[in-house]
Amino acid sequence: MSPRAGRTGHTAGPHAPDTLAFVESPVQLLNVLEWAHAHAPGAGLTLVVLSPVDPMTRGQLRRMSELARREGHQVRWEEARGGALAPFQTVGALTGPLRRARRIVMGDPFSRYVQLLLTITRARDLVVVDDGTATMEFVTQLARGERLVRWHRKGTRRGPRDLVLAPVSSSARRRLTPAGDRRVEIFSSMPIEEAPGGVTVRANDFSWTRARFGPPRLTRGADMVGTSLVETGVVDGDRYLAAVHALARTHGALRYFAHRRESAEKLHRLAVETGLEVVRPDLPLELTARRGPIGRTVLSFPSTVVHTLPLALAGTEVRVAVCDIDPAWLTRTASPRAQGFLDGVTGTARDVHRLSAIRAG
Numbered sequence: 008m009s010p011r012a013g014r015t016g017h018t019a020g021p022h023a024p025d026t027l028a029f030v031e032s033p034v035q036l037l038n039v040l041e042w043a044h045a046h047a048p049g050a051g052l053t054l055v056v057l058s059p060v061d062p063m064t065r066g067q068l069r070r071m072s073e074l075a076r077r078e079g080h081q082v083r084w085e086e087a088r089g090g091a092l093a094p095f096q097t098v099g100a101l102t103g104p105l106r107r108a109r110r111i112v113m114g115d116p117f118s119r120y121v122q123l124l125l126t127i128t129r130a131r132d133l134v135v136v137d138d139g140t141a142t143m144e145f146v147t148q149l150a151r152g153e154r155l156v157r158w159h160r161k162g163t164r165r166g167p168r169d170l171v172l173a174p175v176s177s178s179a180r181r182r183l184t185p186a187g188d189r190r191v192e193i194f195s196s197m198p199i200e201e202a203p204g205g206v207t208v209r210a211n212d213f214s215w216t217r218a219r220f221g222p223p224r225l226t227r228g229a230d231m232v233g234t235s236l237v238e239t240g241v242v243d244g245d246r247y248l249a250a251v252h253a254l255a256r257t258h259g260a261l262r263y264f265a266h267r268r269e270s271a272e273k274l275h276r277l278a279v280e281t282g283l284e285v286v287r288p289d290l291p292l293e294l295t296a297r298r299g300p301i302g303r304t305v306l307s308f309p310s311t312v313v314h315t316l317p318l319a320l321a322g323t324e325v326r327v328a329v330c331d332i333d334p335a336w337l338t339r340t341a342s343p344r345a346q347g348f349l350d351g352v353t354g355t356a357r358d359v360h361r362l363s364a365i366r367a368g
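Residue 227 in this note's numbering is what sits at position 220 of the sequence shown, and the numbering runs on without skipping anything.
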């Protein structure tokens with residue numbers, strides 16, 4: 008059963024939710040399911056999908072929504088970006104449930120949408136689940152009282168939209184700071200070394216993923232995991248393709264698991280120039296790898312999967328290896344913090360084999 012597309016949302020039940028979870032990506036939805044499995048077993052949630060426009064992301068979200076329903080959760084699909092009036096319609100439709108909910112679970116505290124919804128809710132329990140490596144930056148910014156801004160945009164000039172929404176972002180930061188009877192929890196597989204005072208940190212060990220899928224069949228060759236560092240303007244496209252080619256040749260990689268945000272043009276060029284089979288998974292990589300088949304070695308650049316795959320694949324013989332990003336690969340417009348952040352992603356990863364940066368062009 009797929010979520011109903013359209014202007015309004017679809018909820019699989021008539022009752023007012025005790026817990027509302029807001030997700031905008033398949034990985035966020037996966038981590039909500041992990042949180043529910045670990046800390047709210049048997050308690051049905053209402054998952055609100057704030058649907059993006061990207062077809063790949065939408066497809067994965069639909070598949071994840073089906074898994075969530077099988078786990079007993081309600082799914083409400085909102086066409087939150089389906090036109091100029093969509094944001095107003097979405098916020099209006101969610102105002103009642105937001106004010107009734109006692110707990111809010113969110114996957115992306117940097118999202119302007121989520122920040123706006125936080126200004127409406129009266130919930131005293133707020134939970135932030137992983138949105139990948141961005142969680143590391145969120146925790147640091149919250150602890151230091153900094154404005155919430157994604158790491159790859161840090162240092163760039165604030166545009167008109169940022170200035171208009173600045174009060175919303177400031178309000179969200181205050182709401183995500185524990186005070187009085189307001190409790191804040193972070194559920195993460197990322198290393199958190201600078202947790203804000205009063206924030207409860209719980210570890211995500213991917214126990215739901217391991218219980219529902221696998222163990223996978225292992226193949227002889229290596230597989231490679233793609234990133235969206237080119238699409239976000241951090242890494243030069245030519246350098247990235249050269250690095251992928253060199254890494255695949257060195258380690259005998261046969262397949263390239265594309266990130267959902269990688270462009271079709273880049274992936275076509277990559278397949279032609281490297282000979283790799285490009286695979287566009289219909290589920291987050293943690294689930295795809297756990298279902299198998301998967302290579303005995305999984306190669307990656309600094310990204311979320313260097314933290315999550317060792318957990319999802321615990322008990323198997325798969326080795327996760329990460330290749331550093333050479334500073335020469337960065338674009339001129341990359342954030343001044345990019346290199347340090349990417350080094351930190353790799354340096355804090357556990358149970359991975361670290362590869363030296365390779366020469367690419």
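For every residue, glycine included, the Cβ atom is placed at its ideal position computed from N, Cα and C. Quantities reported herein were computed from a predicted structural model and do not represent experimental measurements.
Element boundaries [beta strand (DSSP E), containing residue i]
i: Phe348; result: Premise fails: Phe348 lies in the alpha helix (DSSP H), Ala345 to Gly354, not in any beta strand (DSSP E).
i: Arg361; result: His360 to Leu362
Beta bridge counterpart(s) of residue i as assigned by DSSP
i: Arg83; result: Val55
i: Ala2; result: The requested residue 2 is not part of the displayed model; the chain covers only 8 to 368.
i: Tyr263; result: Met231 and Val285
i: Gly113; result: It is worth fixing the name first, because residue 113 is Met in this sequence and not Gly. Met113 pairs with Phe29 and Val135.
i: Ala186; result: Arg189
i: Ser307; result: Val329
i: Leu337; result: Val242
DSSP state of residue i mapped onto helix, strand, coil
i: Pro21; result: Bear in mind that the predicted position of Pro21 carries a pLDDT of just 36, short of 50, making it too unreliable to give a figure here.
i: Ser176; result: helix
i: Gly302; result: strand
i: Val206; result: coil
i: Glu192; result: strand
i: Met71; result: helix
i: Asp132; result: strand
i: Thr140; result: strand
i: Leu225; result: strand
i: Arg357; result: coil
i: Leu277; result: helix
i: Thr295; result: helix
i: Val237; result: coil
i: Asn211; result: coil
i: Leu36; result: helix
i: Ala271; result: helix
i: Gly90; result: coil
i: Ala250; result: helix
i: Leu149; result: helix
i: Arg65; result: helix
i: Glu41; result: helix
i: Arg3; result: Past the edges of the chain, shown from 8 to 368, lies residue 3, and the structure says nothing about it.
i: Arg154; result: coil
Start and end residues, alpha helix (DSSP H) containing residue i
i: Ala328; result: Premise fails: Ala328 lies in the beta strand (DSSP E), Arg326 to Cys330, not in any alpha helix (DSSP H).
i: Ser214; result: Ser214 to Arg219
i: Phe95; result: Ala93 to Arg107
i: Ala319; result: Val312 to Ala319
i: Arg378; result: Since the first residue of the chain shown is 8 and the last is 368, residue 378 is not available in this structure.
Residue i CB to nearest heavy atom of the ligand SAM below 7 Å
i: Thr234; result: For the ligand SAM, the structure offers nothing, since it holds no ligand at all.
| the stretch 349-357 / the stretch 319-337 touching (three or more Cβ pairs under 8 Å) | yes
| message | Quick check: the stretch 271-283 against the stretch 305-325, are at least 3 beta-carbon pairs closer than 8 Å? | response | no
| Can you find at least 3 beta carbon pairs, one from the stretch 96-113 and one from the stretch 39-56, that sit closer than 8 Å? | yes
| said: Three Cβ pairs or more, each shorter than 8 Å: is that satisfied between the stretch 195-203 and the stretch 140-152? | reply: yes
| Three or more C-beta pairs below 8 Å linking the stretch 252-263 and the stretch 215-234 | yes
| request: Please confirm if the stretch 114-128 is in contact with the stretch 171-190, defined as three or more CB-CB distances below 8 Å between the two stretches. | output: yes
| said: Quick check: the stretch 234-250 against the stretch 336-345, are at least 3 beta-carbon pairs closer than 8 Å? | reply: yes
| request: Determine contact between the stretch 298-316 and the stretch 52-62, defined as no fewer than three beta-carbon pairs at a distance below 8 Å. | output: no
| Between the stretch 74-82 and the stretch 90-100, do three or more beta carbon pairs fall short of 8 Å? | no
| Are the stretch 344-352 and the stretch 186-193 touching by the rule of at least three beta carbon pairs closer than 8 Å? | no
| said: Check whether the stretch 286-295 and the stretch 59-74 touch, using three or more Cβ-Cβ pairs below 8 Å as the test. | reply: yes
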